[in-house]
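Numbers 28 to 242, taken from our numbering, label the letters of the sequence shown in order.
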Amino acid sequence: DVGGVAEMRTIAHIVGSWAAAGLKPLPNSATPWLQAVTLKKIGQAEMKIGFMANGAALPISDDDLSLRLNVADYQAADMPLTFVGYGVNAAGHLSADVSGKAVLLLAGEPPYLRSPQSLQQRHQLLSDGGAAAILTIVDESAPWSRMQAMHQRPSLRRDVGERQVDLDGLMTAAGFDQLSRAAGRSGRALMRAATSASFTPIEMPVLMTAAGRAD
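Here it is as structure tokens:
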């Protein structure tokens with residue numbers, strides 16, 4: 028009953044409870060008890076995505092990917108792909124120049140940091156650093172089907188002005204290994220190497236192209 032009588036009564040009851048509790052309205056406001064909040068819709072995307080190495084397509088299964096968009100329409104071609112490990116160095120700062128790049132990021136907590144840094148915090152650092160897309164590699168022990176469903180579930184998020192990448196995805200460890208091997212690397216070896224504080228992000232010999240529309 029959005030905008031209906033029931034909603035108006037509910038709002039009036041809540042505002043009355045605030046006043047009774049001693050809260051004060053915002054002065055000099057046309058709506059002293061209520062303030063507008065800008066929301067951003069994040070939804071499942073109908074996507075086409077491909078990876079190329081040395082002019083040849085890499086066979087990454089759609090079952091190993093989960094994609095969503097933070098914009099209504101998306102199109103990007105031949106984006107450089109960088110494996111950044113956990114994305115930060117021992118000081119907790121970005122470990123690579125990611126501007127304009129598609130980034131492969133490990134989901135687990137960096138084992139070399141003294142102070143915990145969440146995946147969300149590292150994701151935001153990469154976004155602020157100008158990453159064009161982030162594909163997060165999830166641990167094999169995680170229930171992939173459940174993570175995929177949660178990741179693709181449409182949601183509303185408060186828009187607080189923080190930068191977000193247009194394309195946000197998940198990739199299985201098996202998918203990353205398949206991509207890495209097709210590009211002449213071992214995904215398992217790369218993930219092990221990334222557990223060291225001295226790990227240096229690796230420019231993969233891979234280009235990513237993606238296009239899609241959010242629901």
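Positions of the beta carbon are idealized from the N, C-alpha and C atoms, including for glycine.
Given 8 Å, three or more beta-carbon pairs between the stretch 205-220 and the stretch 92-105: By the C-beta criterion, the stretch 205-220 is judged not to be in contact with the stretch 92-105, since fewer than 3 inter-stretch pairs fall below 8 Å.
Endpoints, the beta strand (DSSP E) within which Ile161 is located: Ala160 to Val165 is the span of the beta strand (DSSP E), which, as asked, contains Ile161.
Neighbourhood of Arg36 by C-beta, 7 Å cutoff - its chain only, sequence neighbours within 5 removed: none
Coil, strand or helix - Phe203 by DSSP: helix
Val42 at chain D interface by Cβ criterion, 7 Å: Among the chains in the structure shown there is no chain D, since it carries only a single protein chain.
Distance, Tyr139 Cα to Pro232 Cα: In a straight line, the C-alpha of Pro232 is about 27 Å away from that of Tyr139.
For Gly239, three-class secondary structure by DSSP: In the structure shown, Gly239 sits in a strand (DSSP, three-state: E or B).
Selected residue, minimal CA-CA separation from Gly202, among Val32, Asp89 and Ala224: Asp89
Spatial distance of Gln175 from Ile76 (CA atoms): 17 Å
DSSP-derived helix/strand/coil call for Arg208: helix
Closest by C-alpha distance to Ala221, when choosing among Pro137, Asn97 and Leu50: Pro137
Close beta carbons around Thr227, own chain, < 7 Å, minus the five adjacent residues each side: No residues qualify anywhere along the chain.
Cβ-Cβ distance between Ala134 and Leu146 below 7 Å: A contact, by the Cβ cut-off of 7 Å.
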